[in-house]
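**Student:** Quick one: structure below, then a few questions.
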Ligand code: GDP
Ligand code: MG
């Protein structure tokens, strides 16, 4: 007798269609590699374990684009290197590029292929697929860009060519989207909760600290510290941020609050737009003031600021 068919089709879940890959950006120094990585990932950076860091020394930042996780590797520039340290840097850049799935060759549109000789000489020896990214198009007219693209594509085999401005964002979304479709299919390497806004939280705290100083440095003859306690992206795209300003005494807490809370309102009103600009989203900022005696002797507070605690 025939058994009823019980075998289940594998669920066509989201994870089945996921992609994940490493992308290295290489190019002459100052071509705009680091600027482009920032533009590609926004402010998101991975909280990377030390173990991962030792094997992928140049690992930098992660972007989620469509169904893909893109792990960007920033590299030192490729140039004609004579001194030992320079040679080590160039070797390091190539080694990193070779371990990735896609190599993005970034050229400065103004310089063209002028200082990219050493790069093109070696490029074909490297296995990963390559794309050409001509950057700084905001500084150059179109006919010259087209000539440059032609000259570059004659010297290497590129799977795609992009003309972008990493600085103003022109064309960056196209690069991201192409990469998202062309990294290998597979599960994500980093769980979503390992991708954090940590550096951004710190920046936001610094902005508020700067405002406290701006308005109160005459009245607060000590350092206050600010920590970002809550960071929540809302459904509407805005971010809810709660921060605490730590002071050492109750009398100082009153100064920061001001009469009827006016001072803290002023601080918040001037910090909020700057934080919103950094986050690139509307921000709801909530500020609290707490007394924490001797916080300047508390190692944990230094940690939160990203500082090493001087033991003595
Ligand atoms: P890297 O050495 O390749 O990492 O280059 P950087 O990302 O550090 O950029 C070098 C310089 O070029 C910086 O001053 C950037 O602000 C500038 N830059 C980067 N991208 C652009 C761009 O698209 N347009 C313009 N005008 N300047 C850019
Ligand atoms: Mg750089």
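Residue numbers (our numbering): -15 to 296.
Beta carbons: idealized from backbone N, C-alpha and C, even for Gly.
Only a predicted model underlies this, so the values are computations on that prediction, with no experimental measurement involved.
Verify whether the separation of the beta carbon atoms of residue 262 and residue 188 is less than 8 Å.
**Tutor:** Stepping through the chain shown from its first residue, residue 262 is reached at position 278. Stepping through the chain shown from its first residue, residue 188 is reached at position 204. Going by C-beta atoms, residue 262 is nearer than 8 Å to residue 188.
**Student:** Check whether the segment 229 to 247 and the segment 213 to 221 are in contact - that is, three or more C-beta pairs closer than 8 Å.
**Tutor:** Taking 8 Å as the limit for Cβ pairs, the verdict is that the segment 213 to 221 does not touch the segment 229 to 247.
**Student:** The alpha helix (DSSP H) with residue 88 in it runs from where to where?
**Tutor:** For the purposes of this step, residue 88 is taken as the residue at position 104 of the chain shown. No alpha helix (DSSP H) contains residue 88, which is instead part of the beta strand (DSSP E) from 86 to 92.
**Student:** Scan the segment 129 to 181 and note each continuous beta strand (DSSP E) run of 3 residues or more that stays entirely inside, going in chain order.
**Tutor:** Runs of the beta strand (DSSP E) inside the segment 129 to 181: 144 to 147.
**Student:** Are the segment 100 to 118 and the segment 53 to 65 touching by the rule of at least three beta carbon pairs closer than 8 Å?
**Tutor:** In short, these stretches touch, since the Cβ pair count reaches three.
**Student:** Quick one: Cα of residue 72 to Cα of residue 86, how far?
**Tutor:** The residue labelled residue 72 in the question sits at position 88 within the chain shown. The residue labelled residue 86 in the question sits at position 102 within the chain shown. Roughly 22 Å separates the two Cα atoms.
**Student:** Mapping the DSSP letters down to three states, classify residue 39 as helix, strand or coil.
**Tutor:** To locate residue 39, count along the chain shown from 1; it is residue 55. At residue 39, the pLDDT of 28 sits below 50, so the modelled position is not reliable; the number obtained from the coordinates is stated separately. Note: residue 39 maps to helix in three-state DSSP.
**Student:** Exposed or buried, which one is residue 256 when buried takes at least 16 other CB atoms within 10 Å?
**Tutor:** Position 272 of the chain shown, counted from the first residue, corresponds to residue 256. Classification for residue 256: buried.
**Student:** Does the Cβ of residue 132 have 16 or more other Cβ atoms within 10 Å, making it buried, or fewer, making it exposed?
**Tutor:** Numbered from its first residue, the chain shown carries residue 132 at position 148. Result: buried.
**Student:** My guess is that residue 24 and residue 119 are in contact by the Cβ rule of under 8 Å, so how many angstroms apart are they, rounded?
**Tutor:** Reading the chain shown from its first residue, position 40 is the one you call residue 24. Reading the chain shown from its first residue, position 135 is the one you call residue 119. Not confirmed; about 12 Å, so no contact.
**Student:** Candidates 199, 55, 164: which alpha carbon is nearest residue 242's?
**Tutor:** For the purposes of this step, residue 242 is taken as residue 258 along the chain shown, with counting starting at 1. Among 199, 55, 164, the Cα nearest to that of residue 242 is on 199.
**Student:** Mind reading off the beta-carbon distance from residue 8 to residue 59? Whole number of angstroms is fine, and I expect it under 8 Å.
**Tutor:** As a first step, residue 8 is located in the chain shown; it is residue number 24 there, counting from the start. As a first step, residue 59 is located in the chain shown; it is residue number 75 there, counting from the start. At roughly 6 Å, the Cβ-Cβ gap stays under 8 Å, so residue 8 and residue 59 are in contact.
**Student:** Beta carbon of residue 17: closer than 7 Å to some heavy atom of the ligand GDP?
**Tutor:** Looking up residue 17 in the chain shown gives position 33. Flag set: Cβ of residue 17 near the ligand GDP.
**Student:** According to the Cβ coordinates, are residue 97 and residue 139 closer than 8 Å?
**Tutor:** For the purposes of this step, residue 97 is taken as the residue at position 113 of the chain shown. For the purposes of this step, residue 139 is taken as the residue at position 155 of the chain shown. Closer than 8 Å, so yes.
**Student:** Starting from residue 209 and walking both ways along the beta strand (DSSP E), at which residues does that stretch end?
**Tutor:** Locating residue 209 in the chain shown gives position 225, counting from the first residue. Counting along the chain, the beta strand (DSSP E) containing residue 209 begins and ends at 209 to 217.
**Student:** In or out: residue 35 buried (at least 16 other Cβ within 10 Å) or exposed?
**Tutor:** Along the chain shown, one-based indexing puts residue 35 at 51. Summary for residue 35: the model assigns pLDDT 31, below 50, so the residue's position carries little reliability, and this model does not support an answer.
**Student:** What residue range does the alpha helix (DSSP H) around residue 16 cover?
**Tutor:** Taking the chain shown and counting its residues from 1, the one referred to as residue 16 is at position 32. Where residue 16 is concerned, there is no enclosing alpha helix (DSSP H), given that its DSSP letter is neither H nor E.
**Student:** Can you find a heavy atom of the ligand GDP that lies under 7 Å from the Cβ of residue 90?
**Tutor:** Counting from 1 along the chain shown, the entry for residue 90 is found at position 106. At least one heavy atom of the ligand GDP is nearer than 7 Å to the Cβ of residue 90, so yes.
**Student:** Compare the Cα-Cα distances from residue 157 to each of 114, 48, 89, 113 and report the closest residue.
**Tutor:** The sequence position of residue 157 within the chain shown is 173, counting from 1. When only C-alpha atoms are compared, the closest one is 48.
**Student:** Measure how close the beta-carbons of residue 196 and residue 267 come, nearest whole angstrom, since I'm counting them as under 8 Å.
**Tutor:** Locating residue 196 in the chain shown gives position 212, counting from the first residue. Locating residue 267 in the chain shown gives position 283, counting from the first residue. Not really, about 17 Å apart at Cβ, beyond 8 Å.
**Student:** Can you find the residues in the same chain that come closer than 8 Å, C-beta to C-beta, to residue 110, ignoring five residues on each side of it along the sequence?
**Tutor:** Along the chain shown, one-based indexing puts residue 110 at 126. Counting only Cβ-Cβ distances below 8 Å, and skipping sequence neighbours, we find 78, 81, 82, 87.
**Student:** I need the boundaries of the beta strand (DSSP E) containing residue 228, first residue and last residue.
**Tutor:** Translated into the one-based positions of the chain shown, residue 228 becomes position 244. Looking at the DSSP string, the run of the beta strand (DSSP E) that includes residue 228 is 223 to 231.
**Student:** Skipping 5 residues on each side, what residues in its chain have a beta carbon closer than 6 Å to that of residue 278?
**Tutor:** Looking up residue 278 in the chain shown gives position 294. So no residue of the chain qualifies.
**Student:** Would you check whether the ligand GDP has a heavy atom nearer than 7 Å to the C-beta of residue 13?
**Tutor:** Locating residue 13 in the chain shown gives position 29, counting from the first residue. Yes, the ligand GDP has a heavy atom inside 7 Å of this Cβ.
**Student:** Flag this pair as yes or no: are the beta carbons of residue 16 and residue 92 separated by less than 8 Å?
**Tutor:** Mapped onto the chain shown, residue 16 falls at position 32. Mapped onto the chain shown, residue 92 falls at position 108. Closer than 8 Å, so yes.
**Student:** How would you write the range of the alpha helix (DSSP H) that residue 255 sits in, first residue to last?
**Tutor:** Along the chain shown, read from residue 1 onward, the residue named residue 255 stands at position 271. Taken as a continuous stretch (DSSP letters only), the alpha helix (DSSP H) holding residue 255 covers 246 to 263.
**Student:** Expressed to the nearest angstrom, what Euclidean distance is found between the alpha-carbon atoms of residue 106 and residue 135?
**Tutor:** Taking the chain shown and counting its residues from 1, one reaches residue 106 at position 122. Taking the chain shown and counting its residues from 1, one reaches residue 135 at position 151. So the alpha carbons of these two residues sit roughly 16 Å apart.
**Student:** Can you grab the Cα-Cα spacing for the pair residue 125 / residue 192, in whole Å?
**Tutor:** By 1-based counting over the chain shown, the position of residue 125 is 141. By 1-based counting over the chain shown, the position of residue 192 is 208. In a straight line, the C-alpha of residue 125 is about 41 Å away from that of residue 192.
**Student:** Can you find the residues in the same chain that come closer than 6 Å, C-beta to C-beta, to residue -12, ignoring five residues on each side of it along the sequence?
**Tutor:** Locating residue -12 in the chain shown gives position 4, counting from the first residue. Its pLDDT being 47, under 50, residue -12 is placed unreliably by the model, and the measurement read from it follows with that caveat. Here the set comprises nothing.
**Student:** Straight-line CA distance for residue 2 to residue 173?
**Tutor:** As a position in the chain shown, residue 2 is number 18, starting the count at 1. As a position in the chain shown, residue 173 is number 189, starting the count at 1. So the two alpha carbons sit approximately 11 Å from each other.
**Student:** Run through DSSP, which three-state label would residue 101 get?
**Tutor:** As a position in the chain shown, residue 101 is number 117, starting the count at 1. DSSP places residue 101 in helix when its eight states are reduced to three.
**Student:** Since residue 90 and residue 153 should fall inside the 8 Å C-beta cutoff, what is the C-beta to C-beta distance between them, to a whole number of angstroms?
**Tutor:** To locate residue 90, count along the chain shown from 1; it is residue 106. To locate residue 153, count along the chain shown from 1; it is residue 169. Actually they are not in contact, since the Cβ atoms of residue 90 and residue 153 sit about 15 Å apart, beyond 8 Å.
**Student:** What distance in whole Å lies between the Cβ atoms of residue 55 and residue 6, which are believed to be in contact at a cut-off of 8 Å?
**Tutor:** Within the chain shown, numbered from 1, the residue matching residue 6 stands at position 22. Within the chain shown, numbered from 1, the residue matching residue 55 stands at position 71. With 8 Å as the limit, residue 6 and residue 55 qualify as a contact, their Cβ atoms being about 5 Å apart.
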